[in-house]
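Visitor:
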């Protein structure tokens, strides 16, 4: 017959493994989020934040340009319904969604003369 202590230890081990596999949620209200293209993040309230488009026409470092360019992003925030939010660093830095203010903080890395498609966008969501 199996000792009760061994059985209890086995059950504890199994439950620890099962619960450690659950998805961890990021902090939601007042949070700053780093997003990569098509890599959604699930927030603590169960909503999903995803960078679905990015345009970066900023003048590359060490280059003389006629126009300084701009960076623009499209973020989809899915709550009870999906909101597509267009933000850029020139005109539309902020957007109001329900009672939240969504702000574009930065788009990195800054363009250079060498191609780099691995952009990271930082946005902030706060209760307004």
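Residue numbers (the numbering used here): 41 to 168. Think of the CB as a built atom: it goes at the ideal place given N, C-alpha and C, for glycine as much as any other residue. Quick caveat: nothing in here was measured; it's all calculated off a predicted structure.
Kindly indicate which residue of 78, 117 and 113 has the alpha-carbon position closest to the one of residue 130.
Guide: The residue given as residue 130 occupies position 90 in the chain shown. Comparing Cα positions, the closest option is 113.
Visitor: Helix, strand or coil: how does DSSP classify residue 116 here?
Guide: Start at 1 with the first residue of the chain shown, and residue 116 comes out as number 76. Three-state result, residue 116: strand.
Visitor: Looking only at its own chain, which residues have a Cβ that is under 8 Å from the Cβ of residue 125, when we skip the five neighbours before and after it?
Guide: The residue labelled residue 125 in the question sits at position 85 within the chain shown. Excluding sequence positions up to five before and after residue 125, its CB lies within less than 8 Å of the CB of 114, 115, 116, 117, 135, 137 and 142, all in the same chain and listed in chain order.
Visitor: From what residue to what residue does the beta strand (DSSP E) around residue 148 run?
Guide: The count along the chain shown starts at 1 and reaches residue 148 at position 108. First-last of the beta strand (DSSP E) with residue 148: 140-148.
Visitor: Quick check on the burial criterion: 16 or more other C-beta atoms within 10 angstroms. Buried or exposed for residue 163?
Guide: In the chain shown, counting from the first residue as 1, residue 163 sits at position 123. Buried, by the Cβ-count rule.
Visitor: Can you have a look at residue 165 and say buried or exposed, based on whether 16 or more other CB atoms are within 10 angstroms of its CB?
Guide: As a working note, residue 165 is residue 125 in the chain shown. Result: buried.
Visitor: For the beta strand (DSSP E) holding residue 90, just list the boundary residues, first then last.
Guide: Your numbering for residue 90 matches position 50 in the chain shown. Element bounds for residue 90: 88-96.
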